[in-house]
Amino acid sequence: MNAASRWPVALWLVRHGQSAGNVALEAAHAAGHGRIQLEMRDADVPLSAQGLVQAKALGSWFANLPAHERPEVVLASPYRRARETAEAIRAGGGLAAVSTSLCEDERLREREFGVLDRLTASGVAELFPDQAEARRLLGKFYHRPPGGESWCDVILRLRSALDTLSLHHAGKRVLIIGHQVVVLCLRYLLEQLDEAEVLAIDARGDVANCGVTEYRLAADGARMELVRYNFTAPLRETGAAVTSAPDAPVAAR
Numbered sequence: 000m001n002a003a004s005r006w007p008v009a010l011w012l013v014r015h016g017q018s019a020g021n022v023a024l025e026a027a028h029a030a031g032h033g034r035i036q037l038e039m040r041d042a043d044v045p046l047s048a049q050g051l052v053q054a055k056a057l058g059s060w061f062a063n064l065p066a067h068e069r070p071e072v073v074l075a076s077p078y079r080r081a082r083e084t085a086e087a088i089r090a091g092g093g094l095a096a097v098s099t100s101l102c103e104d105e106r107l108r109e110r111e112f113g114v115l116d117r118l119t120a121s122g123v124a125e126l127f128p129d130q131a132e133a134r135r136l137l138g139k140f141y142h143r144p145p146g147g148e149s150w151c152d153v154i155l156r157l158r159s160a161l162d163t164l165s166l167h168h169a170g171k172r173v174l175i176i177g178h179q180v181v182v183l184c185l186r187y188l189l190e191q192l193d194e195a196e197v198l199a200i201d202a203r204g205d206v207a208n209c210g211v212t213e214y215r216l217a218a219d220g221a222r223m224e225l226v227r228y229n230f231t232a233p234l235r236e237t238g239a240a241v242t243s244a245p246d247a248p249v250a251a252r
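Sequential numbering of the sequence shown, starting at 0, is according to numbering that gives the first Met the number 0.
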């Protein structure tokens, strides 16, 4: 590795396992409801039973790597579903022996949806038609619902998170457990994409629950190179279902 490199030698971005919010969203769509039925804060939404199976499958995949290739630093969103995913990976032996304890970082949290929280697209159109029109005009990259965040707002806090990664974890193997928008916005930053490019990736399909996006340090030590995106073989190899529903507060998607 270039001694002056500011990057990890390996970086894995993982979306949390299927959550109770994902299940509630699918139920709302199936029933044609405008509001998603969840009786808890988004930060407190746990993994579903299937999500725990997915997280354990991913832990087994990491555990099958040689010890010197497993993650040695784990950063996670403080949201319960992300923490539970990280803990399942650790419990399954998926981390290097020298791994430090899980570090929760609020900058990796889900995007905040403000007044549109818990609403499906039809719910937004019915209750907040002005916001539906604003999103149509601005696009999801720039649209910020009242009390919520745009993708640009998420990117702003992730720029800071990458600075911390550089300062404290250069030369390490790092695993980040977050959310769909976190994975996509980190791709935007790491690969220096523009709005059209990152939205085109998003349009091709949702990030799978426990899907793996992997980067390796380039030979010049100056950048991270994408190895694979939305890799789900760790789930399929163990028979775990591959799911990819957005998280429950999906109004601005």
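Glycine residues also receive a C-beta, built at the ideal position from the N, C-alpha and C atoms. Only a predicted model underlies this, so the values are computations on that prediction, with no experimental measurement involved.
Closest Cα partner of residue i within the set the options
i, options, result
"Leu57", "Ala244, Pro245, Gly238 and Asp246", "Gly238"
"Ser100", "Glu109, Arg110, Asn21 and Glu86", "Glu86"
"Thr231", "Asp41, Asp162 and Asp205", "Asp205"
"Ala96", "Glu125, Ala75, Ala66 and Ser4", "Ala66"
"Glu111", "His178, Ala202 and Val13", "His178"
"Ser18", "Gly31, Val44 and His168", "Val44"
"Glu109", "Ser76, Gly138, Val211 and Met39", "Ser76"
"Thr212", "His32, Phe140 and Tyr187", "Tyr187"
"Leu64", "Thr163, Ala202, Arg203 and Ile88", "Ile88"
"Arg5", "Glu194, Ser165, Asn229 and Ala199", "Ser165"
Residue j beta carbon less than 8 Å from that of residue i
i, j, result
"Glu83", "Ala244", "no"
"Ile154", "Leu107", "no"
"Leu37", "Val173", "no"
"Asp104", "Ala160", "yes"
Close beta carbons around residue i, own chain, < 7 Å, minus the five adjacent residues each side
i, result
"Phe127", "Val114 and Leu115"
"Met0", "With a pLDDT of 48 at Met0, under the threshold of 50, the predicted position of this residue should be treated as unreliable, and no value is reported."
"Leu185", "Leu12 and Leu157"
Own chain residues within Cβ distance below 8 Å of residue i, not counting five before or after
i, result
"Ala62", "Arg69, Gly91, Gly92 and Gly93"
"Tyr34", "It should be noted that the sequence gives Arg, not Tyr, for residue 34. Same-chain partners within the cutoff: Ala27, Arg117, Leu118, Thr119 and Gly122."
Start and end residues, alpha helix (DSSP H) containing residue i
i, result
"Arg106", "It is not in any alpha helix (DSSP H) - Arg106 carries neither H nor E in the DSSP assignment."
"Gln17", "Counting along the chain, Gln17 falls outside any alpha helix (DSSP H), and DSSP gives it neither H nor E."
Delimiting residues of the beta strand (DSSP E) encompassing residue i
i, result
"Phe230", "Met223 to Phe230"
"Glu213", "Val211 to Leu216"
"Ile176", "Arg172 to Gly177"
"Val72", "Val72 to Ala75"
"Val13", "Ala9 to Arg14"
Close beta carbons around residue i, own chain, < 6 Å, minus the five adjacent residues each side
i, result
"Gly16", "Leu46, Gly50, Gln53, Ala54, Thr84, Asn208 and Cys209"
"Pro233", "Ala56, Leu57 and Trp60"
"Arg143", "Ser149"
Query raised in the report: Should the stretch 63–81 be called in touch with the stretch 110–125, which here means at least 3 C-beta pairs below 8 Å?
Result: no
Requested in this report: Could you tell me whether the stretch 229–238 touches the stretch 44–57, where touching means 3 or more Cβ pairs closer than 8 Å?
Outcome: yes
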